[in-house]
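Colleague: The following block contains the structure, expressed as structure tokens.
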Amino acid sequence: MTKNSLAIAAFILLASCGQDASSAGDSAAAAQSSSAETELSPAEMGRRIFSQETCATCHTVDEGGANRIGPNLFGVYGRQAGQVEGFAYTNALAQSDVIWDDASLDAFLENPQGFMRGNRMAYVGQRDAEKRAAMIAYIKTLTSDAD
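Structure follows, in structure tokens:
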């Protein structure tokens, strides 16, 4: 068989499976990407989401990190809202009795303005519950006690 005959035979075989060569390659790439993502821990996935959704534009996460447009998030999990030293909070957050735990962070990340009117968070919210859970898993690692 010539090279052209082999190429035609391969094309026909792929076509008979209901896929063309490019979609077969796309499917393989998607499966590989999906497999790699499922191997990430929730916290690592949350770190990626934090970067992709531009959270890092407004927030730092390192111990002793500077406040930006938003407060530094190191150690925020388990803390009362509106208490990062040196950050100018709105009255809504500064006078809040909210403790940042799984439930409060989930509600806030889903809809910041709906959770607490009068805060300045410009983020419109994350509607995907799995992504919010991953973001919270990441936020929980931002502590000197993190393993």
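Read in the working numbering, the sequence shown has 31 at position 31, and its numbers run on one by one without any break.
No residue lacks a Cβ here, since even glycine has one placed at the ideal position from N, Cα and C.
Nothing here was measured: the structure is a model prediction, and the numbers come from that model.
Any idea what DSSP makes of isoleucine 69, helix, strand or coil?
Modeller: Locating residue 69 in the sequence shown gives position 69, where the first residue counts as 1. Correct three-state label for isoleucine 69: coil.
Colleague: In this structure, does DSSP put serine 33 in helix, strand or coil?
Modeller: Taking the first residue of the sequence shown as position 1, residue 33 is located at position 33. Residue placement at serine 33 is flagged as unreliable, the pLDDT there being 48, under the threshold of 50; the coordinate-derived value follows with that caveat. If DSSP states are grouped into helix, strand and coil, serine 33 belongs with the helices.
Colleague: Between the region 119-133 and the region 81-96, can you find at least three pairs of beta-carbon atoms closer than 8 Å?
Modeller: Cβ pair count under 8 Å is three or more, so yes.
Colleague: Are the beta-carbon atoms belonging to arginine 68 and cysteine 55 less than 8 Å from one another?
Modeller: Here residue 68 is taken as the residue at index 68 of the sequence shown, counted from 1. Here residue 55 is taken as the residue at index 55 of the sequence shown, counted from 1. Contact flag unset, no.
Colleague: Following the continuous alpha helix (DSSP H) through arginine 48, name the residue where it begins and the one where it ends.
Modeller: One-based indexing of the sequence shown puts residue 48 at position 48. First-last of the alpha helix (DSSP H) with arginine 48: 42-52.
Colleague: Tell me which same chain residues have a C-beta within less than 7 Å of the C-beta of glycine 125, skipping the five on either side of it?
Modeller: Looking up residue 125 in the sequence shown gives position 125. For glycine 125, where only same-chain residues beyond five positions count, the Cβ hits under 7 Å are Leu109, Glu110, Asn111, Pro112.
Colleague: Tell me the rounded alpha-carbon separation between valine 84 and arginine 47.
Modeller: One-based indexing of the sequence shown puts residue 84 at position 84. One-based indexing of the sequence shown puts residue 47 at position 47. Taking the straight line joining both Cα atoms gives about 21 Å.
Colleague: On the premise that valine 98 lies in contact with leucine 142, defined as a C-beta separation below 8 Å, what is that separation, rounded to the nearest angstrom?
Modeller: Mapped onto the sequence shown, residue 142 falls at position 142. Mapped onto the sequence shown, residue 98 falls at position 98. About 18 Å separates the two Cβ atoms, so there is no contact after all.
Colleague: Bridge partners for isoleucine 99 per DSSP, in chain order?
Modeller: Position 99 of the sequence shown, counted from the first residue, corresponds to residue 99. Answer by DSSP bridge pairing, in chain order: Gln80.
Colleague: Please go through the same chain and pick out, in chain order, the residues whose beta-carbon is closer than 7 Å to the beta-carbon of isoleucine 49, but skip the five residues on each side of it.
Modeller: Numbered from its first residue, the sequence shown carries residue 49 at position 49. Hits under 7 Å: Lys131, Ala134, Met135.
Colleague: To which residues of the same chain is alanine 66 closer than 7 Å at the C-beta, ignoring the five residues directly before and after it?
Modeller: To locate residue 66, count along the sequence shown from 1; it is residue 66. Correct list, in chain order: Thr60, Asn72.
Colleague: With distances taken Cα to Cα, identify the nearest neighbour of isoleucine 139 among Asp101, Arg127, Tyr123, Phe115.
Modeller: For the purposes of this step, residue 139 is taken as the residue at position 139 of the sequence shown. When each option's Cα is compared against that of isoleucine 139, the closest is Asp101.
Colleague: Using DSSP with H/G/I as helix, E/B as strand and the rest coil, what is asparagine 91?
Modeller: Position 91 of the sequence shown, counted from the first residue, corresponds to residue 91. Asparagine 91 falls in the helix class under three-state DSSP.
Colleague: Under 8 Å by Cβ, that's how I've got alanine 137 and proline 42 pegged, so tell me the actual separation to the nearest angstrom.
Modeller: For the purposes of this step, residue 137 is taken as the residue at position 137 of the sequence shown. For the purposes of this step, residue 42 is taken as the residue at position 42 of the sequence shown. Yes, they are in contact, since the Cβ atoms of alanine 137 and proline 42 sit about 4 Å apart, within 8 Å.
Colleague: Tell me which same chain residues have a C-beta within less than 6 Å of the C-beta of alanine 10, skipping the five on either side of it?
Modeller: Start at 1 with the first residue of the sequence shown, and residue 10 comes out as number 10. Confidence is the limiting factor: at alanine 10 the pLDDT is only 39, short of 50, which leaves the residue's position unreliable, though a coordinate-based value still follows. Here the set comprises nothing.
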